[in-house]
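Trainee: First to last, the protein sequences are chains A and B. The numbering used here applies: residue 1 is where the first sequence begins, and numbers increase by one. The numbering used here applies: residue 1001 is where the second sequence begins, and numbers increase by one. Ideal Cβ placement from N, Cα and C applies to all residues, glycine included. Here the structure is a predicted model, which means the values were calculated and not measured. Please find one structure pasted underneath; my questions will follow.
There are 2 protein chains.
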Amino acid sequence: MSDEKRTEIGQLGEFGLIDYLTKKIKLKNESSEKGVGDDAAVLNYEGKKTVVTTDLLLEGIHFDLTYTPMKHLGYKSIAVNLSDVYAMNATPKQVTVSIGVSSKMSVEALEEFYEGVYAACDRYGVDVIGGDTTSSFTGFTISVTALGEASDDELAYRNGAQVNDLICVSGDLGAAYMGLQLLEREKKVFEAAPGAQPDLSGYDYLLQRFLKPEPRREVKTLLDKVGVKPTSMIDISDGLSSEIMHICKQSKKGCRLWENKIPVHPSTAKLAEEMGINPVVAGLNGGEDYELLFTISLEDFEKFKNQDESDVFIVGHITDESKGCYLVTNDDNEIELQAQGWNPIKKDVK
Amino acid sequence: MSDEKRTEIGQLGEFGLIDYLTKKIKLKNESSEKGVGDDAAVLNYEGKKTVVTTDLLLEGIHFDLTYTPMKHLGYKSIAVNLSDVYAMNATPKQVTVSIGVSSKMSVEALEEFYEGVYAACDRYGVDVIGGDTTSSFTGFTISVTALGEASDDELAYRNGAQVNDLICVSGDLGAAYMGLQLLEREKKVFEAAPGAQPDLSGYDYLLQRFLKPEPRREVKTLLDKVGVKPTSMIDISDGLSSEIMHICKQSKKGCRLWENKIPVHPSTAKLAEEMGINPVVAGLNGGEDYELLFTISLEDFEKFKNQDESDVFIVGHITDESKGCYLVTNDDNEIELQAQGWNPIKKDVK
């Protein structure tokens, strides 16, 4: 670390810092008419609907800088917001990025953060159109707002699930949660014996799922291809159990999830067992996987069958509201679902 | 204080808190199709341009809870963002409001904050369409994003000022700055002698200007009425000097401000003199007045002359870029303007 260049924020001055961090921005989308540099950005959606979502990320609550590389943090800050846009079956187009930084932080650290921001925006074709840069007396603070577009008939809400609809998820669950458990374990080892090298080998998949999640753009591509519109959709930030209960509550329905259908990656299962955690519980209640959870009608399910590349898992079905929300275990017991995100302090207002 | 009801946030739970704080929301604008309650809000601007602006407000940097009532803080958080929308000559329509709260804060305190948010939104016809509510280990954190609409020919940018244009401000300057000085002075008195009652009498105007600023909607009303579009516009958050330099830089022009034309309220002048501050310096460099600063052509100036209700002050004119940016003093000296916001740590990226 000592050889690395370190520029104090005060050397650039605040206007200089903003110029430095935003000079690379080139607008990519036709709907982004005017980005950074005025009182507000100007967008033109030309008759399409605009979707808007926002997340506030605070040091110590949503991320721990001890084990989170700044570039990953920038990438993830964008990814989690784009995930909300995809969960509307819409296409993200713009973001604003606001940060509160303490004077402890160097310009190089902020540059890394923005490298991650720009990498995510480039990958998903999104423009950075504004933000706010301020000092912070406390921790590093990140606030991202994402905007996207959709035609009226594309939009998928949380309230449209119907009885007998199949419940689908776009990938395996619980991996991000186990990635976090691993990082927390190694942090404790390091704190007990400073200098100890963390043992993260063999768990790249879990770490990547936690540190650098990808929003599920390909679900929209697949749905468009097979011509299916989900009856309801949400992204899994707080855990499958919590999210399906949002859909059921807003759709006024019940559900059955099947224990043996919850997709868990072998690495997730391996580490969970090593740490004495039930892998199904990790899959059911572990958050931050940012997979999409959606419901489709039985007829539409047929349309997926010839899709080799399909990465869609059926995990249950929708029932009448009076039947409640339950997990059907492998031994045919029914356990009532709990709205317990693994991160109970953070809940979206949205 | 001891008689006041205090509900711990934990009693409601996080989902309960969100329901509690957002239950009063009724959408007012046709362009707000879907607000709080899904992954994202859905807006429909029907062919108009969308403007987007965002601000991050941190405890200890942007506000001091020792002397800032929560309701005022909520109101101001909205007002400063709407001010940016009006500075585009656009009409604000929606906001998202995200907050980070420590467990020290009661539900009643948050409710007061939202009362202020809703009061500002009601006054300016704006819908709250989403946000994010999270715990904070550190201070109270507020992030607001405002969206508005405008037709293409309404929008006023910072880069359109022309040589000989008149420089206008929508009201007196320096009052918010002096309001802050007063509160800081009384805070020090209180810290030295706890129990002492603050002496704020006679300065209601200054306190109101600092604690509860109003965005200048009436400027748009007036401009529409007389049929004038500003050649450039910006809102005064960092001080007149700083803001006119933004306009000059982006318009590639210079300017002359006239010392004897800078509008200073009698209360501002009185307290400034009492505290040994030059009232013109307060007017020139004091921030947070949220007046609008705009330029108009000489011909358009005639159109304002019959407006009795006009609260527009001419403070200078635009020159060729080579002439630089100067204040012309009462004794005909020229002092070069400095981009020194009174709050040098906070600068917009926008």
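Decide if the segment 45-63 of chain A is in contact with the segment 1130-1149 of chain B; the criterion is three or more beta carbon pairs, one per stretch, under 8 angstroms apart.
Mentor: The segment 45-63 of chain A, when compared against the segment 1130-1149 of chain B, does touch it at the 8 angstroms Cβ threshold.
Trainee: List, in chain order, every chain A residue whose beta-carbon is nearer than 8 angstroms to that of B/K1049.
Mentor: For the purposes of this step, residue 1049 of chain B is identified with residue 49 of the second sequence, where counting begins at 1. Within chain A, the residues near B/K1049 are E33, V42, L43, N44.
Trainee: Suppose contacts are defined by Cβ-Cβ distances below 8 angstroms. Is A/L173 in contact with A/L257 by that definition?
Mentor: Counting from one through the first sequence, the residue named residue 173 of chain A turns up at place 173. Counting from one through the first sequence, the residue named residue 257 of chain A turns up at place 257. No, the Cβ-Cβ distance between A/L173 and A/L257 is not below 8 angstroms.
Trainee: Count the other CB atoms within 10 Å of the CB of A/P279; is the residue buried (16 or more) or exposed (fewer)?
Mentor: One-based indexing of the first sequence puts residue 279 of chain A at position 279. A/P279 comes out buried.
Trainee: Grouping DSSP H, G and I as helix and E and B as strand, with all else coil, what is A/H265?
Mentor: On the first sequence, residue 265 of chain A is found 265 positions in, with the first residue counted as 1. A/H265 falls in the coil class under three-state DSSP.
Trainee: By a C-beta neighbour count over all protein chains shown, 10 Å radius and 16 as the cutoff for buried, is B/P1266 buried or exposed?
Mentor: For the purposes of this step, residue 1266 of chain B is taken as the residue at position 266 of the second sequence. Exposed.
Trainee: Let me confirm a value: B/K1350 is counted as buried when at least 16 other C-beta atoms fall within 10 Å, else exposed. Which label applies?
Mentor: Translated into positions along the second sequence, residue 1350 of chain B becomes position 350. In this predicted model, B/K1350 has a pLDDT of only 32, less than 50, meaning its place in the structure is not dependable enough to derive any value.
Trainee: Between the alpha carbons of A/K305 and A/L200, how many angstroms are there, rounded?
Mentor: Here residue 305 of chain A is taken as the residue at index 305 of the first sequence, counted from 1. Here residue 200 of chain A is taken as the residue at index 200 of the first sequence, counted from 1. The alpha-carbon atoms of A/K305 and A/L200 are separated by roughly 38 angstroms.
Trainee: Verify the CB distance criterion: does B/G1139 have a CB-CB separation below 8 angstroms to chain A?
Mentor: Locating residue 1139 of chain B in the second sequence gives position 139, where the first residue counts as 1. Yes, B/G1139 counts as interfacial toward chain A.
Trainee: Using a Cβ-Cβ distance under 8 angstroms, would B/D1199 count as near chain A?
Mentor: For the purposes of this step, residue 1199 of chain B is taken as the residue at position 199 of the second sequence. No, B/D1199 lies away from the interface with chain A (no Cβ there is under 8 angstroms from its Cβ).
Trainee: With distances taken from CA atoms, which of B/G1283, B/G1324, B/D1300, B/E1336 is nearest B/V1315?
Mentor: As a working note, residue 1315 of chain B is residue 315 in the second sequence. Nearest option by C-alpha distance: B/G1283.
Trainee: Within the same chain, show all residues whose beta-carbon is closer than 6 angstroms to that of A/Q208, passing over the 5 residues directly before and after it, in chain order.
Mentor: For the purposes of this step, residue 208 of chain A is taken as residue 208 along the first sequence, with counting starting at 1. So the list is empty, once near-sequence residues are dropped.
Trainee: Could you tell me the distance, in whole angstroms, from the CA atom of A/G131 to the CA atom of A/S98?
Mentor: Position 131 of the first sequence, counting from 1, holds the residue named residue 131 of chain A. Position 98 of the first sequence, counting from 1, holds the residue named residue 98 of chain A. Computed Cα separation, rounded: 5 angstroms.
Trainee: Any residues in the segment 82-102 of chain A with a beta carbon nearer than 9 angstroms to a beta carbon of chain B? Which ones, in chain order?
Mentor: Under the 9 angstroms Cβ criterion, the segment 82-102 of chain A contributes S83, D84, V85, Y86, A87, M88, A90, Q94, T96, V97, S98, I99, G100.
Trainee: Quick one: any contact between the segment 105-117 of chain A and the segment 230-238 of chain A, if contact means 3 or more CB pairs under 8 angstroms?
Mentor: Result no; under three Cβ-Cβ pairs closer than 8 angstroms.
Trainee: When DSSP labels each residue in this structure, what does B/V1163 get in the three-state scheme?
Mentor: As a first step, residue 1163 of chain B must be located in the second sequence, where it is residue number 163. Here B/V1163 sits in coil by DSSP.
Trainee: What did DSSP end up calling B/H1072 once you bin it into helix, strand or coil?
Mentor: Sequence index remark: in the second sequence, residue 1072 of chain B carries index 72 (1-based). Three-state DSSP puts B/H1072 in a helix.
Trainee: Below 8 angstroms on the Cβ atoms is my guess for B/F1294 versus B/A1176; work out the distance and round it to an integer in Å.
Mentor: Taking the second sequence and counting its residues from 1, one reaches residue 1294 of chain B at position 294. Taking the second sequence and counting its residues from 1, one reaches residue 1176 of chain B at position 176. 19 angstroms between Cβ atoms; not a contact.
Trainee: With a cut-off of 8 angstroms, does the C-beta of B/H1130 fall near any C-beta of chain A?
Mentor: Within the second sequence, numbered from 1, the residue matching residue 1130 of chain B stands at position 130. Per the sequence shown, residue 1130 of chain B should be read as Gly rather than His. Yes, contact with chain A.
Trainee: Which residue or residues does DSSP assign as beta-bridge partners of A/R256?
Mentor: In the first sequence, residue 256 of chain A corresponds to position 256, counting from 1. Answer is A/H317, A/Y326, bridged to A/R256.
Trainee: Along chain A, which residues have their Cβ under 8 angstroms away from the Cβ of B/S1155?
Mentor: What you label residue 1155 of chain B is simply residue 155 of the second sequence in a count that begins at 1. The residue you asked about is not Ser; residue 1155 of chain B is Leu in the sequence shown. Simply V42.
Trainee: Here's a check: name, in chain order, each residue in its chain whose Cβ is nearer than 7 angstroms to the Cβ of A/K48, leaving out the five neighbours to either side.
Mentor: In the first sequence, counting from the first residue as 1, residue 48 of chain A sits at position 48. Once the five neighbours on either side are set aside, the close Cβ partners of A/K48 are E149, A150, S151.
Trainee: Counting only beta-carbon separations shorter than 8 angstroms, does A/L58 have a partner in chain B?
Mentor: As a first step, residue 58 of chain A is located in the first sequence; it is residue number 58 there, counting from the start. So, interface residue.
Trainee: Just the C-alpha distance for B/S1241 and B/E1321, rounded to the nearest angstrom, thanks.
Mentor: Residue numbering aside, residue 1241 of chain B sits at position 241 when the second sequence is read from its first letter. Residue numbering aside, residue 1321 of chain B sits at position 321 when the second sequence is read from its first letter. Cα to Cα, the separation comes out at about 16 angstroms.
Trainee: What is the DSSP secondary structure of B/E1149, reduced to helix, strand or coil?
Mentor: Residue numbering aside, residue 1149 of chain B sits at position 149 when the second sequence is read from its first letter. Three-state DSSP puts B/E1149 in a strand.
Trainee: From what residue to what residue does the beta strand (DSSP E) around A/V128 run?
Mentor: In the first sequence, the residue the question calls residue 128 of chain A occupies position 128. Start and end: 127-135.
Trainee: Out of B/V1107, B/K1104, B/A1109, B/L1147, which has the shortest C-alpha to C-alpha gap to B/G1125?
Mentor: Numbered from 1 along the second sequence, position 125 holds the residue referred to as residue 1125 of chain B. Checking every option, the nearest Cα to that of B/G1125 belongs to B/L1147.
Trainee: Would A/T54 count as contacting chain B if we go by Cβ distances under 8 angstroms?
Mentor: As a first step, residue 54 of chain A is located in the first sequence; it is residue number 54 there, counting from the start. Output row for A/T54: interface = yes.
Trainee: Which term fits B/N1164, buried or exposed, when burial requires 16 or more other beta carbons within 10 angstroms of its beta carbon?
Mentor: Indexing the second sequence from 1 puts residue 1164 of chain B at position 164. B/N1164 should be labelled exposed.
Trainee: Which residues in chain A sit within 7 angstroms of B/I1061, going by Cβ to Cβ distance?
Mentor: As a working mapping, residue 1061 of chain B is identified with position 61 in the second sequence. T134, S135, S136, F137, listed in chain order.
Trainee: Does the CB of B/S1143 have a neighbour CB from chain A at under 8 angstroms?
Mentor: The residue given as residue 1143 of chain B occupies position 143 in the second sequence. At least one chain A Cβ lies under 8 angstroms of B/S1143.
Trainee: Measure the C-alpha to C-alpha separation of B/L1166 and B/V1080 and round it to an integer number of angstroms.
Mentor: Numbered from its first residue, the second sequence carries residue 1166 of chain B at position 166. Numbered from its first residue, the second sequence carries residue 1080 of chain B at position 80. Going from the Cα of B/L1166 to the Cα of B/V1080 covers about 25 angstroms.
Trainee: Whose CA, out of A/L211, A/Y290, A/R123, A/M88, lies closest to the CA of A/T66?
Mentor: Counted from its first residue, the first sequence places residue 66 of chain A at position 66. Closest by alpha carbon: A/L211.
Trainee: In the DSSP assignment, find the beta strand (DSSP E) that holds B/K1093 and state where it starts and stops.
Mentor: The count along the second sequence starts at 1 and reaches residue 1093 of chain B at position 93. That run of the beta strand (DSSP E) goes 1091-1101.
Trainee: Assuming A/A119 is part of the alpha helix (DSSP H), what are its boundary residues?
Mentor: Here residue 119 of chain A corresponds to residue number 119 of the first sequence, with the count starting at 1. A/A119 -> alpha helix (DSSP H) spans 107-123.
Trainee: How about B/S1103 and B/N1159: do their beta carbons lie closer than 8 angstroms?
Mentor: Residue numbering aside, residue 1103 of chain B sits at position 103 when the second sequence is read from its first letter. Residue numbering aside, residue 1159 of chain B sits at position 159 when the second sequence is read from its first letter. Not in contact: B/S1103 and B/N1159 (Cβ atoms no closer than 8 angstroms).
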